[in-house]
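Right, one structure below, let's go through it.
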Amino acid sequence: VETVIKVNEDTKRRMTDKLLDLCGGSFNGKKVAVLGVTFKPNTDDMRDAPSLTIVPALVGGGASVSVVDPQGKREGEALLPGVAWEDDPYAAAKDADVLVILTEWNEFRALDLKRLAAGMATARLADLRNIYAVEDAKAAGFAAYESIGRAGFPG
Numbered sequence: 759v760e761t762v763i764k765v766n767e768d769t770k771r772r773m774t775d776k777l778l779d780l781c782g783g784s785f786n787g788k789k790v791a792v793l794g795v796t797f798k799p800n801t802d803d804m805r806d807a808p809s810l811t812i813v814p815a816l817v818g819g820g821a822s823v824s825v826v827d828p829q830g831k832r833e834g835e836a837l838l839p840g841v842a843w844e845d846d847p848y849a850a851a852k853d854a855d856v857l858v859i860l861t862e863w864n865e866f867r868a869l870d871l872k873r874l875a876a877g878m879a880t881a882r883l884a885d886l887r888n889i890y891a892v893e894d895a896k897a898a899g900f901a902a903y904e905s906i907g908r909a910g911f912p913g
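Once you know that position 79 of the sequence shown is 837 in my numbering, the rest is easy, because the numbers rise by one and skip nothing.
As structure tokens, this is what we get:
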């Protein structure tokens, strides 16, 4: 059990490092849109969710964070202070420097990537649930793409 916990914590740390790379080494002054904060889709359960590590790192590093989650707001408001809650992924991503997918909700599987990229200040996507193919992100106009266990592209 301890090994599983360590692997999970290491994964969350790697996710945060990928975001730091996408932000040019600092979260300070960046706008980050986070899609999904619950542990998994179709629940409001946030126990051990990656968002509980990643979002505080963003906020603590000086980022402005907008969050969208179909069911996570009620619990998330108490657990993730300092974030703005949005109902719409496109509103959250407007003028953002980085878009982060942390939970693979069905609502996030069919987004218009071109529309998202066009509305962002700098179109960088951290697809930490591997929902979208790297080719689709590039074709949509994202300047950078990171995922877990797959090659991305720099911006």
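Heads up, the beta-carbon is just placed ideally off N, CA and C, and yes, glycines get one too. Owing to the predicted nature of the structure, the values given are computational and were not obtained by experimental measurement.
| Asked | Found |
| --- | --- |
| Can you give the Cα-Cα distance for TRP863 and ALA791, rounded to whole angstroms? | 15 angstroms |
| Give the range of the beta strand (DSSP E) segment to which ILE859 is assigned. | 856-859 |
| Let me confirm a value: SER809 is counted as buried when at least 16 other C-beta atoms fall within 10 Å, else exposed. Which label applies? | buried |
| Looking at the structure shown, is LEU837 part of a helix, part of a strand, or coil, going by DSSP? | helix |
| Would LEU886 and GLU865 be called neighbours here (beta carbons separated by less than 9 angstroms)? | no |
| Spatial neighbours of GLY820 within its chain, please: C-beta separation below 8 angstroms, excluding the five flanking residues on both sides. | SER784, PHE785, ASN786, GLY787, LYS788 |
| Between the C-alpha atoms of ALA881 and LEU793, what's the straight-line distance to the nearest angstrom? | 15 angstroms |
| If LYS770 and ILE812 are in contact, beta carbons under 8 angstroms, what's the gap, nearest whole angstrom? | 7 angstroms |
| For LYS776, count the other beta carbons within 10 Å of its own beta carbon; 16 or more makes it buried, fewer makes it exposed. Which is it? | buried |
| Check GLU844 in the structure and name its three-state DSSP category. | coil |
| Report the residue ranges of all alpha helix (DSSP H) runs contained in full by the segment 875-902; include only those spanning at least 4 residues, in chain order. | 892-897 |
| Helix, strand or coil: which one does DSSP assign to PHE797? | coil |
| Who are LYS724's beta bridge partners in DSSP? | With the chain represented from 759 up to 913, any question about residue 724 goes unanswered, as that position is not in the structure. |
| Would the segment 888-906 count as touching the segment 819-837 if we require 3 or more Cβ pairs under 8 angstroms? | no |
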